[in-house]
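Residue numbering for the sequence shown follows full-length UniProt numbering, starting at 1 and increasing by one per position.
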Amino acid sequence: MVARKWCFVPGCTNTSVRTPKKIFISLPKQISRRNAWFAAVKRDFKKVSSTSTLYCCEDHFNIEQDMENYLEYKLSKVKARMKDDVVPHIFACELDGVAAKASGHMARKGEFSELLCNQDADSEWQPNNDSSSEDIFSPSVAPENQKDKESKFQSAFVRKIEKSLRFCTGIPKEQMDFIANLVTKTSLETYLICLTFYKIKTNYAFERIAIDLGISGSHATALFVRSTLVLSEFMKQLVYWPSSKSMRKLLLEGFGTSFHNVQSIIDCLEIKIQKPSAAVHQSSTWSEYKQCNTIKYLISYTPDGFINFLSSGYGGSASDVAVLQDCGYLRVLPENCTVTVMIDRDFKQIENLLYTKKCTLVRFPSFANNSRIIYSTKRIVDRIQEFKILGPLSTIPSALIQILDNIVMISCAVINSQRRQNVSIVL
Ligand SMILES: [Zn+2]
């Protein structure tokens, strides 16, 4: 039996089973060339054993020019050999581009980008080797029939999601066109967007979601990773700092003078992750606050519950103050405004940091008592954790840690898109 091959480019879902006609080129054995291929697709070579066999699909090459023995290969099916100086360089579909960018971003982050070092990195993005369920697309099925079958599954799946939109995605029924708009803006197919929101909201196992689509769990995982990268890249526009002018107006109208000039309530979100295998990563992600391994995010939102800043992820051992100092929040914070924090977070001595922007700090309960504010509905952190993949009962598996920033971003963007239904603080 021929071993299954899959493309090593993050976000590319080509496999020798799904796309049997494509050429899969094995990575060069010579270490420096192999590392250059990893760099080209923005993957960390340290995460993968240098002896494991990996493939790159033809989509990332100009195959006729880049292959040294193209004619010979075509005529006699000898092993494909790429020219010495060639690396994967075409990430034509937007998906691949975003995927490469996103994983590059994670790599720069240092602190937990190496988390996966000691994991079985070969299973990082790819279908499981031993999964035979992908044979549902057995080569004997004619491509036409297969397409029909796929699209039947997909439209039934979309109908199911739309029927219980709020439960399945967190998006209110009245905002059905939200998904349609995303389809237009991102060129992702509707079922991919539904799949992504559905997984994030319910955190059902991929194997379970996959049944609805007639695919394998590993294929569903790959689709999720790919569309999460694309969606978050687009949806991050929904998380922004509104202009002081528009905020002032809103505050005066809706919240009266007691909230005068409060532009930012800061809090930290901590998401439990699978215990890393390396001791150093176990300690860098160990959260004293949660008593488990976590990735931590700094979140800022306005008094009416609009998320106006989301940091990237930090290992749970980083203090709230260290995160605040490092994450870029102080760069976007306007001068001369009031910032409030939740009393139960440590945020020790941030007054000095805020003072550099001439901002004042009010700690939440005292602020609330003085101005008789009822902190009515949930904290923004609790609302984010209603997306069950980020919920207190969930544990992010190692394979998804690389896209955790993207998942959190999508959840925040969904909250921002529906904030009229949920005001976080009322007088
Ligand atoms: Zn590929």
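We put the beta carbon where it would ideally sit given N, CA and C, even for glycine.
query	result
Quick one: what does DSSP say Val323 is sitting in, helix, strand or coil?	helix
Between which residues of its own chain and Ile295 is the CB-CB distance below 8 Å, once the five residues before and five after are set aside?	Phe112, Glu270, Ile271, Ile273, Thr285, Gly313, Tyr314, Gly315, Gly316, Ile396, Ile401, Leu404
Return helix, strand or coil for Asn145, following the three-state DSSP convention.	helix
Can you tell me which of the three DSSP states Arg18 falls into?	coil
Relative to ligand 2, is the shortest distance from any of its heavy atoms to the C-beta of Val9 smaller than 8 Å?	Questions concerning ligand 2 fall outside what the structure shown contains, since the ligands it does hold are ligand 1.
For Pro139 and Gly328, what's the separation of their Cα atoms in angstroms?	Reliability of the predicted coordinates at Pro139 is poor, the pLDDT of 43 falling under 50, and no value is obtained from them.
How big is the Cα-Cα spacing for Phe197 and Pro20?	29 Å
Leaving aside the five residues before and after Asp320 along the sequence, list all residues of the same chain whose C-beta is less than 6 Å from its C-beta, in chain order.	Cys268, Arg345, Asp346, Phe347
Would you decide whether Pro392 is buried or exposed? Buried here means 16 or more other CB atoms lie within 10 Å of its CB.	exposed
Does DSSP put Ile179 in a helix, a strand or coil?	helix
Using 8 Å for Cβ pairs, my map puts Gly11 next to Val362. What's the rounded Cβ distance?	Not a contact, Cβ separation roughly 43 Å.
Within this structure, are the beta carbons of Ser26 and Lys74 separated by less than 9 Å?	no
Just to check my reading of the structure: Leu192 and Phe153 have Cβ atoms closer than 8 Å, yes? What is that Cβ distance to the nearest angstrom?	Leu192 to Phe153, Cβ: 13 Å. No contact.
Measure the C-alpha to C-alpha separation of residue 437 and Cys359 and round it to an integer number of angstroms.	Within the shown structure, residues of the chain are numbered from 1 to 427, placing residue 437 beyond reach of any answer.
Provide the residue span of the alpha helix (DSSP H) that contains Cys412, from first to last.	404-417
Can you find a heavy atom of ligand 1 that lies under 8 Å from the Cβ of Asp59?	yes
Assign Gly214 to one of three DSSP states: helix, strand, or coil.	coil
Could you check whether the Cβ of Asn62 sits closer than 8 Å to any heavy atom belonging to ligand 1?	no
Would you mind giving the Cβ-Cβ distance between Phe61 and Ile90, rounded to the nearest angstrom? I have them listed as a contact below 8 Å.	6 Å
Identify every run of the alpha helix (DSSP H) within the region 285-364, keeping only runs that are complete inside it and at least 4 residues long; order them along the chain.	320-326, 329-332, 350-355
Does the distance from the C-beta atom of Lys5 to that of Tyr55 stay below 9 Å?	yes
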